[in-house]
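Position 155 (the sequence shown) corresponds to 174 in this note's numbering; numbering is contiguous. Glycine residues also receive a C-beta, built at the ideal position from the N, C-alpha and C atoms.
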Amino acid sequence: MITTLEPGAVETTAAVNEYQFIWDIEDQFIGALMGCTAAEVRTVATLVRATDIYRPTPRWAYELIVHLAGEGIDPSDPRHIIGAAHQHAPSDYHTSDIDLAKQRPHLFVTLCRYLVDVYATSAREAILCHTRELLDESLRRTNEQWSVRQGEMSRAMADRQDIRAMHVAMRRDLGDIWARCEAADALPAITEHGEGANHAV
Numbered sequence: 020m021i022t023t024l025e026p027g028a029v030e031t032t033a034a035v036n037e038y039q040f041i042w043d044i045e046d047q048f049i050g051a052l053m054g055c056t057a058a059e060v061r062t063v064a065t066l067v068r069a070t071d072i073y074r075p076t077p078r079w080a081y082e083l084i085v086h087l088a089g090e091g092i093d094p095s096d097p098r099h100i101i102g103a104a105h106q107h108a109p110s111d112y113h114t115s116d117i118d119l120a121k122q123r124p125h126l127f128v129t130l131c132r133y134l135v136d137v138y139a140t141s142a143r144e145a146i147l148c149h150t151r152e153l154l155d156e157s158l159r160r161t162n163e164q165w166s167v168r169q170g171e172m173s174r175a176m177a178d179r180q181d182i183r184a185m186h187v188a189m190r191r192d193l194g195d196i197w198a199r200c201e202a203a204d205a206l207p208a209i210t211e212h213g214e215g216a217n218h219a220v
């Protein structure tokens, strides 16, 4: 049986995908971060870990932005981020830093397209709001992942000591994210501390 699409179905699907992309908190966060100064990015980096970002492409983009900020480079020009990608592979890519543009071009192209897409998705002024929402989502996702692991260990008849060790690790993991959520909630603004700076996000 051949299934045919109604006229406009492809366009509708594309519109739905675009809507989901625009409102994904990770994309909103990266888009807003690209409008921040290096000093502001460094402040955000004290709150957000790369592991708080679930999807690999925005996680890599975040790692590159934080790396540039550490060198005092603002991430507002996507070309700086793309340039850094030539020397810095994703942290979860288990190899030495290689030029992925040559070795894994599909990953590099995906990053380039992603940066173009998120560049104007969110305003710099929303970075603190997005940081809080991203951390909240990270806490909930991490809790869910640990819950799945608990069930797996119980069904596998794991040793009691292993189960206890897992709970200790879980409390430590969730406690770390919780503390950063609280720190973000208590922060009135993400302020640029550079010389002569007098504005905040």
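Got a sec? Which residues, its chain only, sit under 8 Å from residue i by beta carbon, not counting five neighbours each side?
i	result
residue 192	161, 165
residue 151	200, 203, 204
residue 153	44, 45, 48, 67, 71, 72
residue 173	182
Could you check the C-alpha separation between residue i and residue j for me, to the nearest Å?
i	j	result
residue 187	residue 194	10 Å
residue 52	residue 84	8 Å
residue 157	residue 190	14 Å
residue 178	residue 77	37 Å
residue 206	residue 130	31 Å
residue 132	residue 98	12 Å
residue 123	residue 87	22 Å
residue 103	residue 90	11 Å
residue 138	residue 80	12 Å
residue 127	residue 69	18 Å
residue 75	residue 108	11 Å
residue 159	residue 146	20 Å
residue 143	residue 170	41 Å
Use the C-beta contact count for residue i: other C-beta atoms within 10 angstroms, 16 or more gives buried, fewer gives exposed.
i	result
residue 47	buried
residue 59	buried
residue 62	buried
residue 71	buried
residue 125	exposed
residue 56	buried
residue 208	exposed
residue 82	buried
residue 100	buried
How is the alpha helix (DSSP H) around residue i delimited, first residue to last?
i	result
residue 69	That residue, residue 69, is in no alpha helix (DSSP H); it is neither H nor E in DSSP.
residue 47	44 to 52
residue 131	124 to 137
residue 55	Note, residue 55: premise wrong, no alpha helix (DSSP H); not H, not E.
residue 152	146 to 174
Using a Cβ-Cβ cutoff of less than 7 Å, which residues in the same chain neighbour residue i once the five nearest sequence positions on both sides are dropped?
i	result
residue 168	185
residue 95	53, 54
residue 197	158
By the three-class DSSP mapping on this structure, what secondary structure does residue i have?
i	result
residue 93	coil
residue 180	helix
residue 80	helix
residue 207	coil
residue 200	helix
residue 195	helix
residue 65	coil
residue 190	helix
Between residue i and chain B, is any beta-carbon pair separated by less than 8 Å?
i	result
residue 199	Note that chain B does not occur in the displayed structure, where there is just one protein chain.
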